[in-house]
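As they're listed, the protein sequences go chains A and B.
Under our numbering, the first residue of the first sequence carries the number 1, and numbering increases by one thereafter.
Under our numbering, the first residue of the second sequence carries the number 330, and numbering increases by one thereafter.
The C-beta atom is built at its ideal place from N, Cα and C for all residues, glycine as well.
There are 2 protein chains.
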Amino acid sequence: MQATIRDVARVAGVSIATVSRVLHGHENVRAGTRDRVHAAIEELQFRPNRLGRSLAERRHAANGIVFPDLSGPYYAEVVLGYEAVAAELGRSVLILSTHGRKAAPSMVEDMAGRCDGLVVLGRTVPDDVVARLAARGLPLVLLARPAVGDIDSVQAENAGSAARLAELVVGGGARRIVFVGDPDSSPDVQERCASLTRVAGQARDVTLDVVPPDGFGEADGAALATSALAADALADAYVCANDELALGVLSVLREHGVDVPGRVQVTGWDDVMAARYAGLTTVRQPMRELGATAARLLDERISGTRTDPRHEVLPTQLVVRTSTSRKEA
Amino acid sequence: MQATIRDVARVAGVSIATVSRVLHGHENVRAGTRDRVHAAIEELQFRPNRLGRSLAERRHAANGIVFPDLSGPYYAEVVLGYEAVAAELGRSVLILSTHGRKAAPSMVEDMAGRCDGLVVLGRTVPDDVVARLAARGLPLVLLARPAVGDIDSVQAENAGSAARLAELVVGGGARRIVFVGDPDSSPDVQERCASLTRVAGQARDVTLDVVPPDGFGEADGAALATSALAADALADAYVCANDELALGVLSVLREHGVDVPGRVQVTGWDDVMAARYAGLTTVRQPMRELGATAARLLDERISGTRTDPRHEVLPTQLVVRTSTSRKEA
DNA sequence: TTGAAAGCGGTACCAA
DNA sequence: TTGGTACCGCTTTCAA
């Protein structure tokens, strides 16, 4: 069995209070006593039990991050940035993926009970759950989710890049544009769609249809393109909510010999690795930095370094490749 | 402040023992009493404190997974498979990325103190650390790391696919082969390299050089290809330790107008999404399933359902695309 | 400089 | 069917 602080105390011939002091490098311990304690710790291979410590200290030295899902490069990069900073700050990281489960709120509450603070992504849990956690005094950071009250938030810029994307395809000659994505799926998608709608509405002769795919993967984009082809109802441009969808669309069009970008233009969002190889025009967002920033904001709240709310918006960048036409001068 | 079990007991006019019984749906509680307790719980918004509970139960209902690093699609998929199963089993998930830090052993030990069991990937921590954890009685599963004693392990098949890869490029006409990867970086890479060496050694007139890149990313593969080009010392085939390296090599070769696969063949490993768009021949390994399997094995150990060691080897699959020549009949 | 002891928030055994 | 209480392993205050 694992040795406890009492075992150490007994072996060293001191009280557990003294052992605790030595453990924390407290001043007022005579050198000789300290040495005896250290020897006992060494001998027993003692490591303080985290539960006992956390219970007494009333802190976990851990924080969590809640995802809607973990598939795809986007989330992977976000965790990466998050974990790196959290580890640097000496905090353990818990992850939870809700998958739209009904039990999500309860899973999040359970996780909250293991952490000193939480990062919540997009539409993982209803607002009232977030509000309840916040009310309980738990430090929170919303990631890729619009600010709620004075809870910290981090998001990537959406509207501006979406607008530039719209101008790009319209400039490339597109009249009938389809937005491939479900605005209800996430605040990010909603913002992109809204911005697109706005720009399209201002342009002459341009129509925009919003077509929600079944999911967010390549297969879903491919299915959508396949049925458009079958119905002989190809749009001039497919502006997709993420790169996977766009890659699916692109693959099907190319397989069927459709001229891209001559006849149809395609764009994605995220700039995942495959986008570069597929020549996909897209919007790069600083995924790793999103996670890292969230981790930092959260830490400031947990440590109490900062009390005023912060709402960070990280810049995104249009990456033009061969799946869209450049307007010629 | 958060209500405790004692608050509930007071409000319901019962003892904390009774509250605990109600909490666990114990039989021997009169219906009326149970209702009063439930009412109190509701009124106080009581949720049992995880620390108190874990301390008393001497279990965490959580388990961890240790990565060398979290970048790239491989690890992302592994966590995904792991988290999904763990969540299904009602356990929280802690992740830790060691990044080759010197403090890794201590970070892992800290994590071990928060979990009922741990999955350890590849070469994240030295064998003696693993041995110590195992000796302490902590359930462990080694992932992509050769079996150590009777600790459970999960890995993907390496040698067979590596051999088929070697035969493929040799069949395609390659004589001078370069393995791009550092065998010391991970057991997986080591196995692949060893198998390749064996096959190459058996073929007539075939030489194999092992060239360790600086890292594991596209940039590292690109750098390697660039210097080979500059030295006018292109091999006939670059068999790379992972897809990112291969994609880097491939990009540089294509940019410089080198005929692939005519003059040079290139292969990767993992079959990440970008590989398909780049036409990269590679080996697909069931990344998600690796994580899922590890989670299941670990759970069996934690719950004590199984006590005999298991060593799973999941099958891999050669995926031939256009970066290698097919031997013509 | 050191120790005794009261928590931290639960679980579960033993009596009543 | 219920309550009292001894832990679980540590931190920290108060006295000595």
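First and last residue of the uninterrupted beta strand (DSSP E) at residue i
i, result
"Leu-423 of chain B", "421-426"
"His-311 of chain A", "311-314"
"Ala-144 of chain A", "Note, Ala-144 of chain A: premise wrong, no beta strand (DSSP E); not H, not E."
"Arg-284 of chain A", "282-284"
"Thr-347 of chain B", "Thr-347 of chain B -> not in any beta strand (DSSP E); alpha helix (DSSP H) instead, spanning 345-352."
8 Å contact criterion, which residue i and residue j should meet: CB distance rounded
i, j, result
"Ala-166 of chain A", "Val-189 of chain A", "Not a contact, Cβ separation roughly 15 Å."
"Arg-625 of chain B", "Val-414 of chain B", "6 Å"
"Leu-373 of chain B", "Ala-332 of chain B", "4 Å"
"Gly-597 of chain B", "Cys-569 of chain B", "5 Å"
"Val-319 of chain A", "Val-283 of chain A", "7 Å"
Opening and closing residue of the alpha helix (DSSP H) in which residue i lies
i, result
"Ile-631 of chain B", "616-632"
"Asp-7 of chain A", "5-12"
"Ala-488 of chain B", "488-500"
"Asp-599 of chain B", "Looking at the DSSP string, Asp-599 of chain B is not in any alpha helix (DSSP H), and its letter there is neither H nor E."
"Val-108 of chain A", "104-112"
CB contact flag (residue i, residue j, <8 Å)
i, j, result
"Gly-620 of chain B", "Gly-410 of chain B", "yes"
"Ala-566 of chain B", "Val-593 of chain B", "yes"
"Val-459 of chain B", "Val-477 of chain B", "yes"
"Gly-466 of chain B", "Asn-49 of chain A", "no"
"Ala-246 of chain A", "Pro-187 of chain A", "no"
"Leu-108 of chain A", "Val-66 of chain A", "Sequence inspection shows Val at residue 108 of chain A; the Leu mentioned does not correspond to that position. Against a cut-off of 8 Å, the Cβ pair of Val-66 of chain A and Val-108 of chain A comes out as a contact."
"Thr-651 of chain B", "Val-498 of chain B", "no"
"Ala-225 of chain A", "Val-206 of chain A", "no"
"Asp-214 of chain A", "Val-178 of chain A", "no"
"Gly-577 of chain B", "Ala-551 of chain B", "yes"
"Val-93 of chain A", "Leu-418 of chain B", "no"
"Ala-162 of chain A", "Leu-314 of chain A", "no"
"Gly-446 of chain B", "Pro-475 of chain B", "no"
"Ala-104 of chain A", "Arg-176 of chain A", "no"
"Ala-294 of chain A", "Val-141 of chain A", "yes"
"Cys-115 of chain A", "His-60 of chain A", "yes"
"Pro-68 of chain A", "Arg-123 of chain A", "yes"
"Glu-584 of chain B", "Glu-547 of chain B", "no"
Under the three-state DSSP convention, the category residue i falls into
i, result
"Arg-198 of chain A", "helix"
"Ile-151 of chain A", "coil"
"Gly-393 of chain B", "strand"
"Leu-80 of chain A", "helix"
"Leu-253 of chain A", "helix"
"Leu-234 of chain A", "coil"
"Arg-365 of chain B", "helix"
"Arg-382 of chain B", "helix"
"Leu-467 of chain B", "coil"
"Val-180 of chain A", "strand"
"Thr-555 of chain B", "helix"
"Asp-538 of chain B", "strand"
"Gln-190 of chain A", "helix"
"Leu-447 of chain B", "strand"
"Val-568 of chain B", "strand"
"Leu-574 of chain B", "helix"
"Val-305 of chain B", "Residue 305 of chain B is absent from the model: chain B starts at 330 and stops at 658."
"Ala-87 of chain A", "helix"
"Leu-318 of chain A", "strand"
"Ala-203 of chain A", "coil"
"Ala-485 of chain B", "strand"
"Gly-279 of chain A", "coil"
"Leu-44 of chain A", "helix"
"Pro-73 of chain A", "helix"
"Gly-544 of chain B", "coil"
Buried versus exposed call for residue i [16 or more other C-beta atoms within 10 Å across all chains shown]
i, result
"Asn-242 of chain A", "buried"
"Arg-301 of chain A", "buried"
"Thr-98 of chain A", "buried"
"Val-37 of chain A", "buried"
"Asn-63 of chain A", "buried"
"Asp-599 of chain B", "buried"
"Asp-152 of chain A", "buried"
"Asp-628 of chain B", "buried"
"Leu-371 of chain B", "The sequence given here has Glu at residue 371 of chain B, not Leu. That one is exposed."
"Met-287 of chain A", "buried"
"Thr-305 of chain A", "exposed"
"Gln-646 of chain B", "exposed"
"Thr-636 of chain B", "exposed"
"Asp-220 of chain A", "buried"
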